Amino acid sequence: MYHQHMRFALACALLASVLVSSLLASPTSSAGGMVLGHPLSKRSFFDIQCKGVYDKSIFARLDRICEDCYNLFREPQLHSLCRKNCFTTDYFKGCLDVLLLQDEMEKIQTWIKQLHGADPGV
Numbered sequence: 010m011y012h013q014h015m016r017f018a019l020a021c022a023l024l025a026s027v028l029v030s031s032l033l034a035s036p037t038s039s040a041g042g043m044v045l046g047h048p049l050s051k052r053s054f055f056d057i058q059c060k061g062v063y064d065k066s067i068f069a070r071l072d073r074i075c076e077d078c079y080n081l082f083r084e085p086q087l088h089s090l091c092r093k094n095c096f097t098t099d100y101f102k103g104c105l106d107v108l109l110l111q112d113e114m115e116k117i118q119t120w121i122k123q124l125h126g127a128d129p130g131v
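Start counting the sequence shown at 10; every next residue gets the next number (our numbering).
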């Protein structure tokens, strides 16, 4: 139990430091669109550089991870940074850690590989 709490605290610290670094590097950037109520359309799929096979249910599941992460931190840029490059960024990895989804990594990697069109390296 202690180990799980420590891992959660470290994941939160990592995600927070990445967010702060991002905000300091680009203080004038905007959230880049809606955070909630965003479309899960095929266009949105291509907008985040997915080049694999579009599957709306898989896309929605991965997007939900980013949405849950956003709901935890309420940082407007987090949702789009999590989805960026078809769910292959360090932000997405940080969200997986913070949301304690490591047990589902094999399934999540398969989903990303299908949408991304290549091994995501997540």
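All C-beta atoms, glycine included, are put in the ideal place defined by N, C-alpha and C.
Just so it is clear, the structure is predicted and the values come from calculations on it, not from any experiment.
Please state whether DSSP places residue i in a helix, a strand or coil.
{"i": "D112", "result": "helix"}
{"i": "T119", "result": "helix"}
{"i": "E76", "result": "helix"}
{"i": "G126", "result": "coil"}
Report yes if the C-beta distance between residue i and residue j is below 7 Å; otherwise report no.
{"i": "C75", "j": "C91", "result": "yes"}
{"i": "G61", "j": "L124", "result": "yes"}
{"i": "W120", "j": "I67", "result": "yes"}
{"i": "L71", "j": "Y79", "result": "no"}
What is the residue span of the alpha helix (DSSP H) that residue i lies within?
{"i": "K60", "result": "Where K60 is concerned, there is no enclosing alpha helix (DSSP H), given that its DSSP letter is neither H nor E."}
{"i": "R83", "result": "Where R83 is concerned, there is no enclosing alpha helix (DSSP H), given that its DSSP letter is neither H nor E."}
Quick test of your reading: residue i and residue j, contact by CB under 8 Å. State the CB separation rounded to the nearest angstrom.
{"i": "D77", "j": "L108", "result": "6 Å"}
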